[in-house]
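Trainee: Here the sequence shown stands for residues 4 to 629, where the numbers follow the numbering used here.
Beta carbons are placed, not taken as given, at the ideal position from N, Cα and C, and that holds for glycine.
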Amino acid sequence: MSSQFALLKSRRFGPFFATQFLGAFNDNVFKNALIVLLTFQTVQWTSLQPELLANLAAGIFILPFFLFSATAGQLADKYDKARLARLVKVLEILIMLVAGAGFWLHSLKVLMGSLFLLGLHSTLFGPVKYAILPQHLAPEELVGGNALIEAGTFVAILIGTLAGGLLSGMSNGGLWITTACLLTAAAGYLASRAIPAAPAPEPDLAINPNPITETWRNIGFARENRTVFLSILGISWFWLFGALLLAQFPAYAKNVLGGTETSVTLLLGVFTLGIGIGSLLCERLSARQVEIGLVPFGSIGLTVFGLDLAFASPSVLPATPLSMLPLLFAPGIWRVLLDLFAIGLFGGFFIVPLYALIQVRSSVSHRARIIAANNIVNALFMVVGAAAAAGLLSVGLSIPVLFGVAALCNAAVAFYIYRLVPEFLLRFVVWLLVNSVYRLEKRNIEHIPEEGAALLVCNHVSYADSLLVTAACRRPIRFVLDRRFLGNPVLAFLARTGRVIPADFSGADQAPAASVFAAIADALSADELVLIFPEGSVSEDGTLHPFQPWLADILEKSPVPVIPLALSGLWGSVFSRHDVRLIQRLRQLRLLRTVTLAVGPASTVVTPQLLQQQVANLLRAEADPA
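(1) Per DSSP, Ile504 forms a beta bridge with which residues?
(2) Three-state secondary structure (DSSP) at Leu331?
(3) According to the neighbour-count rule (16 or more other Cβ atoms, all chains shown, within 10 Å of its Cβ), is Glu153 buried or exposed?
(4) With DSSP as the reference, identify every bridge partner of Ala601, one or two as the case may be.
(5) For Ile160, which beta-bridge partners are listed by DSSP?
(6) Shortest alpha-carbon distance to Ile336 belongs to which of Ser318, Leu97 and Phe349?
(7) In chain order, what residues of the same chain have a beta carbon less than 6 Å from the beta carbon of Leu547, not counting five sequence neighbours either side?
(8) Please classify Asn381 as buried or exposed, where buried requires at least 16 other C-beta atoms within 10 Å of its C-beta.
(9) Where does the unbroken beta strand (DSSP E) through Leu248 begin, and where does it stop?
(10) Quick check: what's the CA-CA separation for Arg588 versus Ala529?
(11) In terms of alpha-carbon separation, which member of Val565, Asp83 and Leu614 lies closest to Leu532?
(12) Could you check what DSSP says for Ala390 in three-state terms: helix, strand or coil?
(13) The beta strand (DSSP E) that contains Val533, what's its start and end?
(14) Using a 10 Å radius around the Cβ and a threshold of 16 neighbouring Cβ atoms, would you call Ile210 buried or exposed?
(15) Could you check whether Ala256 and Leu270 sit closer than 8 Å to each other, using their CB atoms as the reference points?
(16) So Ala410 and Leu305 are in contact, right, with Cβ under 8 Å, and what is the actual spacing, rounded?
(17) With a threshold of 16 other CB atoms inside 10 Å of the CB of Ile586, please say whether the residue is buried or exposed.
(18) Return helix, strand or coil for Cys461, following the three-state DSSP convention.
(19) Tell me whether Gly575 sits in a helix, a strand or coil according to DSSP, three-state version.
(20) Which first and last residues belong to the alpha helix (DSSP H) in which Phe300 is found?
(21) Is it true that the CB of Gly394 sits closer than 8 Å to the CB of Gly281?
(22) Do you know whose CA, among Ser579, Lys445, Asn228 and Leu145, lies nearest Leu568's CA?
(23) Along the chain, where does the alpha helix (DSSP H) that runs through Met173 open and close?
(24) What are the boundary residues of the alpha helix (DSSP H) that includes Asn221?
(25) Which residue's Cα is closest to the Cα of Trp574: Glu143, Ser234 and Ala626?
(26) Under a Cβ-count criterion, where at least 16 other Cβ atoms within 10 Å of its own Cβ denotes burial, should Gln77 be classed as buried or exposed?
(27) Measure the alpha-carbon distance for Phe454 versus Phe157 and round it to whole angstroms.
(28) Could you spell out the range, first to last residue, of the alpha helix (DSSP H) harbouring Gly129?
(29) Where does Gly261 sit, in a helix, a strand or coil, going by DSSP?
(30) So Asp468 and Phe536 are supposed to be a Cβ contact under 8 Å. How far apart are they, rounded?
(31) Under 8 Å Cβ to Cβ from Arg15, same chain only, skipping five residues before and after it: list those, please.
(32) What first and last residue would you give for the alpha helix (DSSP H) that runs through Cys412?
(33) Here's a check: name, in chain order, each residue in its chain whose Cβ is nearer than 6 Å to the Cβ of Thr275, leaving out the five neighbours to either side.
(34) Suppose only complete runs of 4+ residues qualify. What are the alpha helix (DSSP H) ranges in the stretch 79-113, listed by chain order?
(35) Are there 16 or more other CB atoms within 10 angstroms of the CB of Thr631, so buried, or fewer, so exposed?
(36) Rounded to the nearest angstrom, what separates Gly147 and Val386 at their Cα positions?
Next up, the structure:
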């Protein structure tokens with residue numbers, strides 16, 4: 004069984020997952036049931052138009068995210084998150100009782116008030132939902148945990164939407180809706196009681212009740228880390244893109260595909276399946292670490308298949324409306340379904356690493372408030388997206404063209420974010436290299452610290468060494484590169500992206516310039532990881548060469564932990580200096596060559612000779628495991 008599914012059996016994750024799943028399910032049961040009920044029984048409740056009611060309900064549900072997200076973030080940083088989860092579930096039970104009173108009194112105002120309170124329930128739970136995961140899960144479990152949460156959420160949305168529609172169509176629908184929602188809320192409360200304690204990081208925090216000033220303050224916390232803030236923008240864009248897509252499903256199914264009400268379920272189910280599978284695949288594709296290289300991969304898929312959906316959409320309606328099963332045999336429908344599945348799949352690749360990145364890179368003391376800021380921006384983007392879609396459709400844009408415009412906008416947004424944070428693109432290149440050419444195995448990678456400065460010292464057997472070490476480590480790495488390689492446009496791009504420290508290694512015993520030592524010292528003083536290859540050049544025979552004496556100057560100038568690394572399995576590969584012509588190496592290219600990175604324990608008092616011996620010992624251990 005995959006490690007991420009094993010989490011479901013753990014008390015650290017299972018009860019919380021059940022609580023989150025039941026909450027998302029309940030939200031969508033009540034919201035969809037209410038909308039369907041008011042749509043088909045409008046005259047019994049109000050004189051307002053059904054379309055206006057549906058949009059009003061959506062707006063009422065999302066309003067608390069603007070009003071109370073900032074407060075919710077403060078509460079999650081000030082109090083134990085497990086206790087907050089239980090209190091939120093108690094609130095959910097009370098809300099369902101109010102909703103039951105609304106059905107009994109036949110009061111639209113009470114039902115809309117219940118919907119507002121249910122939005123408040125989701126608002127309060129949001130910061131708890133994502134801030135609790137780093138407290139209960141190990142770093143290598145975060146991607147798998149987030150994947151399960153995202154997959155479970157979308158499945159809950161799908162099932163809840165279907166259940167809400169079915170319950171609203173029953174006689175005494177209000178009673179059935181209330182009963183189902185009360186039972187679900189009670190089950191959620193019982194699940195929450197098993198969530199382990201999650202102590203508050205800021206118990207002395209003074210709560211600021213002003214939503215405007217606190218919202219701005221939370222956004223300020225998020226902006227302290229540029230990567231975190233741009234990750235929030237990326238997540239919010241995905242929710243805009245996804246909400247825009249989902250909102251068009253009913254009209255798209257009816258007016259473009261020529262389907263009936265049941266065909267909407269088909270579209271939603273295929274999209275949800277894609278999201279679920281994409282989210283769950285993230286752990287396998289990222290080797291159980293926060294791999295932001297998947298984010299560009301996801302954005303490419305969203306653009307490509309979003310555009311194809313626009314072109315694949317039929318231009319001629321069938322003679323009669325088609326239910327779900329006949330629709331499956333309609334011309335071109337499988338291409339449409341494939342596009343929807345792929346959009347969901349690549350959406351999972353896009354969003355799961357971003358959520359995990361925010362959790363890892365955010366300050367522990369402000370994490371919940373940063374997630375609250377994320378929820379606010381998400382809600383804002385969704386509202387803007389809905390307004391933009393309504394505006395474009397009102398001026399005559401067709402739904403397929405709207406999908407195409409959204410896909411092109413996605414490409415533009417992705418280009419903007421990756422331009423501002425080139426680390427995403429660097430990780431993408433690294434991820435492609437590791438997953439298409441090499442199969443990377445790691446030994447004792449935990450010796451590389453999660454925070455703080457450290458000097459990484461490694462043997463140099465191929466031109467891909469830097470990228471492979473980068474792929475193995477969750478943290479960004481600054482590495483020193485021979486400036487002679489910067490004439491290559493690809494390497495020059497990677498150097499700029501990875502903030503490479505260029506050095507001159509043209510002479511065998513020539514020490515780098517003083518500016519190189521200064522740049523290394525500055526990076527280490529900023530608590531960064533720096534990777535150097537003390538041999539001075541790529542090995543010409545695959546053996547470990549003596550470490551250059553200038554390494555001692557670096558060690559003396561920057562007394563930080565020094566960690567020996569050893570790469571093996573690369574000699575003879577296409578990127579090594581194996582004594583055959585490049586064309587011959589390309590002909591002998593063996594994909595998924597196994598490469599091992601062994602990491603030794605950190606030392607604080609070392610010499611070049613001692614470090615060379617430590618690296619040699621690591622290589623010897625890999626060559627002779629016995």
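Mentor: The short version:
(1) Stepping through the sequence shown from its first residue, residue 504 is reached at position 501. In DSSP, Ile504 forms a bridge with Val483.
(2) If you number the sequence shown from 1, residue 331 lands on position 328. If DSSP states are grouped into helix, strand and coil, Leu331 belongs with coil.
(3) For the purposes of this step, residue 153 is identified with residue 150 of the sequence shown, where counting begins at 1. With 16 or more other Cβ atoms within 10 Å, it is buried.
(4) Position 598 of the sequence shown, counted from the start, is the residue given in the question as residue 601. Answer is Arg446 and Ala569.
(5) If you number the sequence shown from 1, residue 160 lands on position 157. As DSSP reads the structure, Ile160 sits in no beta bridge.
(6) Translated into the one-based positions of the sequence shown, residue 336 becomes position 333. Nearest C-alpha to Ile336: Ser318.
(7) For the purposes of this step, residue 547 is taken as residue 544 along the sequence shown, with counting starting at 1. Correct list, in chain order: Asn462 and Ala619.
(8) Taking the first residue of the sequence shown as position 1, residue 381 is located at position 378. With 16 or more Cβ atoms within 10 Å of its Cβ, Asn381 is classed as buried.
(9) Taking the sequence shown and counting its residues from 1, one reaches residue 248 at position 245. Note, Leu248: premise wrong, no beta strand (DSSP E); alpha helix (DSSP H) at Arg229 to Ala250.
(10) Reading the sequence shown from its first residue, position 585 is the one you call residue 588. Reading the sequence shown from its first residue, position 526 is the one you call residue 529. Its pLDDT being 49, under 50, Arg588 is placed unreliably in this model, and the coordinates cannot settle the point.
(11) Locating residue 532 in the sequence shown gives position 529, where the first residue counts as 1. Considering only Val565, Asp83 and Leu614, the residue with the shortest C-alpha distance to Leu532 is Val565.
(12) For the purposes of this step, residue 390 is identified with residue 387 of the sequence shown, where counting begins at 1. Residue state, collapsed to three classes: helix.
(13) Working through the sequence shown from its first residue, we reach residue 533 at position 530. Counting along the chain, the beta strand (DSSP E) containing Val533 begins and ends at Leu532 to Ile535.
(14) Here residue 210 refers to the residue found at position 207 of the sequence shown. Ile210 should be labelled exposed.
(15) Numbered from its first residue, the sequence shown carries residue 270 at position 267. Numbered from its first residue, the sequence shown carries residue 256 at position 253. Yes.
(16) Here residue 410 corresponds to residue number 407 of the sequence shown, with the count starting at 1. Here residue 305 corresponds to residue number 302 of the sequence shown, with the count starting at 1. Confirmed, Cβ separation roughly 7 Å.
(17) By one-based count along the sequence shown, residue 586 stands at place 583. With a pLDDT of only 48 at Ile586, under 50, the local geometry of the prediction cannot be trusted, and the value read off the model is given with reservation. Under a 10 Å Cβ-count criterion, Ile586 is classified as exposed, with fewer than 16 other Cβ atoms of the shown protein chains found around its own Cβ.
(18) Within the sequence shown, numbered from 1, the residue matching residue 461 stands at position 458. Of the three classes helix, strand and coil, the one that applies to Cys461 here is strand, per DSSP.
(19) Numbered from 1 along the sequence shown, position 572 holds the residue referred to as residue 575. Look at Gly575 here: in three-state DSSP terms it is coil, with no helix or strand label.
(20) In the sequence shown, counting from the first residue as 1, residue 300 sits at position 297. Run containing Phe300: Leu297 to Ala315, per the alpha helix (DSSP H) assignment.
(21) Translated into the one-based positions of the sequence shown, residue 281 becomes position 278. Translated into the one-based positions of the sequence shown, residue 394 becomes position 391. Cβ distance not < 8 Å, so Gly281 and Gly394 don't count as in contact.
(22) Position 565 of the sequence shown, counting from 1, holds the residue named residue 568. Of the candidates Ser579, Lys445, Asn228 and Leu145, the one whose C-alpha sits nearest the C-alpha of Leu568 is Lys445.
(23) The residue given as residue 173 occupies position 170 in the sequence shown. Looking at the DSSP string, Met173 is not in any alpha helix (DSSP H), and its letter there is neither H nor E.
(24) Position 218 of the sequence shown, counted from the first residue, corresponds to residue 221. Counting along the chain, the alpha helix (DSSP H) containing Asn221 begins and ends at Pro214 to Arg226.
(25) The sequence position of residue 574 within the sequence shown is 571, counting from 1. It is Ala626.
(26) To locate residue 77, count along the sequence shown from 1; it is residue 74. The residue in question, Gln77, is buried, as its Cβ has 16 or more Cβ neighbours within 10 Å.
(27) Along the sequence shown, one-based indexing puts residue 454 at 451. Along the sequence shown, one-based indexing puts residue 157 at 154. Residue 454 is actually Glu in this sequence, not Phe. Taking the straight line joining both Cα atoms gives about 34 Å.
(28) On the sequence shown, position 126 is the one that residue 129 refers to. First-last of the alpha helix (DSSP H) with Gly129: Leu111 to Ala134.
(29) Looking up residue 261 in the sequence shown gives position 258. Three-state result, Gly261: coil.
(30) The residue given as residue 468 occupies position 465 in the sequence shown. The residue given as residue 536 occupies position 533 in the sequence shown. With a Cβ gap of about 7 Å, Asp468 and Phe536 count as contacting.
(31) Walking along the sequence shown from the start, residue 15 turns up at place 12. His139, Leu140 and Pro199.
(32) Taking the first residue of the sequence shown as position 1, residue 412 is located at position 409. Note, Cys412: alpha helix (DSSP H), Ile402 to Leu423.
(33) If you number the sequence shown from 1, residue 275 lands on position 272. The residues are Phe157 and Leu161.
(34) Those alpha helix (DSSP H) runs which fall completely within the stretch 79-113 and span 4+ residues are 84-108.
(35) Any question about residue 631 goes unanswered here, given that the chain covers just 4 to 629.
(36) Position 144 of the sequence shown, counted from the first residue, corresponds to residue 147. Position 383 of the sequence shown, counted from the first residue, corresponds to residue 386. Roughly 30 Å between the two C-alpha positions.
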